[in-house]
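Asks: Quick one: the structure is below, and I'll ask about it shortly.
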Amino acid sequence: MFTEIDGLKINYRDEGQGDLLILLHGWGSNVDLFDGVFKFASKKYHVVGMDMPGFGKSDEPTEPWEVSDFVEFVIKFVKQLFPEEKEIMFLGHSMGGRVIIKMLGTKTEDELGFKVPRAILTDSAGIKPIPSGKQSSKTKRYKFYKGVLTKTGIAKAFPGTIEALQKKFGSADYAAASPIMRASLVKVVNEDLAPYMPKLTMPVLLIWGDQDTATPLSDGQQMEKLMPDAGLAVIPGAGHYSFLDNQYMYNKILGSFLHIEM
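For reference, each letter of the sequence shown is one residue, going 1107 to 1368 in the working numbering.
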């Protein structure tokens, strides 16, 4: 299905009946990776998920976005498609979790227009990572070479050199993204959302893979301490995509929280 939000064509899935559960995917991902969650949760709930702007089949923003822009987009999506809903649950993976944290940590119930009785954060982003020695060295080398290219005039004579340098020293997500989404990624990952976490006072289920290297288990443990009514469930052997790495265990944990029978 498609809808239009602020001139952007947005792809989304809408399945099942019952209380509304909205799924927000991670960076570089798309709504179809939640296929197993859709099939399981839609047995009891009305499950909706969209390709966020710049991902999957949805249009890309016309300028770089930060976390707050994604928050405003989600609110507009809800108000346009489900204006009568008074209670909505959210499940977010990685960046999707980041958006949920910022939304619930900065918006009142009146501002949202609905209540969020429960939230599920899966291998969620939001804790600003501390660069390792290797990462710090990589950043220093990037800045050095960028300085050389700029001072010598090479960057001006050959505009593509800086972009090539960014791809070489950036992450896989950064290298794969368009210029607008690369700028968005920088804005998104550099925001520390820990100060907002104590404001998530509703029950929050944290589901984590203990082998997650993108958002390590220590992030989930810190979130559990910062959120007043959070509980952390760990899936042994699973990585950053715990809902794909061990779908049975993931659904079992999710089902316990949302009262869905296996």
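All residues carry an ideal CB built from backbone N, CA and C; glycine is no exception. These numbers were taken from a predicted model, which means no experiment stands behind them.
Go to Val1143, then tell me how far its alpha helix (DSSP H) extends in each direction, as first and last residue.
Replies: The residue labelled residue 1143 in the question sits at position 37 within the sequence shown. That run of the alpha helix (DSSP H) goes 1141–1147.
Asks: So, for Lys1115: in the same chain, excluding its five sequence neighbours on each side, which residues have a beta-carbon less than 6 Å away from its beta-carbon?
Replies: Here residue 1115 refers to the residue found at position 9 when the sequence shown is read from its first residue. These residues qualify, in order along the chain: Phe1108, Asp1165.
Asks: Across which residues does DSSP place Arg1119 in a beta bridge pair?
Replies: Reading the sequence shown from its first residue, position 13 is the one you call residue 1119. DSSP output for Arg1119 lists Gly1155 as bridge partner(s).
Asks: Beta strand (DSSP E) containing Val1310: first to last residue?
Replies: Taking the sequence shown and counting its residues from 1, one reaches residue 1310 at position 204. From DSSP, the beta strand (DSSP E) with Val1310 extends over 1310–1315.
Asks: Could you tell me if Gly1160 is buried or exposed, where buried requires 16 or more neighbouring beta carbons within 10 angstroms of its beta carbon?
Replies: Indexing the sequence shown from 1 puts residue 1160 at position 54. It is buried - the Cβ of Gly1160 has at least 16 other Cβ atoms within 10 Å.
Asks: By DSSP, does Lys1221 sit in helix, in strand, or in coil?
Replies: Along the sequence shown, read from residue 1 onward, the residue named residue 1221 stands at position 115. Lys1221: strand per DSSP, three-state reduction.
Asks: Might you give, ordered along the chain, the residues of its own chain that have their beta carbon closer than 6 Å to the beta carbon of Thr1245, omitting 5 neighbours on each side?
Replies: Position 139 of the sequence shown, counted from the first residue, corresponds to residue 1245. Residue placement at Thr1245 cannot be trusted, given a pLDDT of 45 that sits under 50; what the coordinates show is reported in the next sentence. Hits under 6 Å: none found.
Asks: Are the segment 1331–1342 and the segment 1118–1138 touching by the rule of at least three beta carbon pairs closer than 8 Å?
Replies: Flag = no, the segment 1331–1342 and the segment 1118–1138 do not touch.
Asks: In whole angstroms, what is the alpha-carbon distance linking Phe1363 and Asn1357?
Replies: Position 257 of the sequence shown, counted from the first residue, corresponds to residue 1363. Position 251 of the sequence shown, counted from the first residue, corresponds to residue 1357. Each residue's alpha carbon lies about 10 Å from the other.
Asks: Based on DSSP bridge pairs, tell me the residues matched to Ala1320.
Replies: In the sequence shown, counting from the first residue as 1, residue 1320 sits at position 214. DSSP, once it has assigned bridges, lists no residue as partnering Ala1320.
Asks: In the structure shown, what three-state DSSP assignment does Ile1111 receive?
Replies: The residue you call residue 1111 lines up with position 5 of the sequence shown. Strand.
Asks: Taking 8 Å as the cut-off, does the segment 1204–1217 touch the segment 1177–1195 (at least 3 CB pairs, one atom from each stretch)?
Replies: With the cut-off at 8 Å, the segment 1177–1195 and the segment 1204–1217 touch.
Asks: If you count every other CB in all the chains shown that lies within 10 Å of the CB of Met1368, and 16 or more means buried, which is it?
Replies: Here residue 1368 refers to the residue found at position 262 of the sequence shown. Under this definition Met1368 is an exposed residue.
Asks: Would you kindly work out how many angstroms separate the C-alpha atoms of His1199 and Asn1136, rounded to a whole number?
Replies: Taking the sequence shown and counting its residues from 1, one reaches residue 1199 at position 93. Taking the sequence shown and counting its residues from 1, one reaches residue 1136 at position 30. Distance between the alpha carbons of His1199 and Asn1136: 11 Å.
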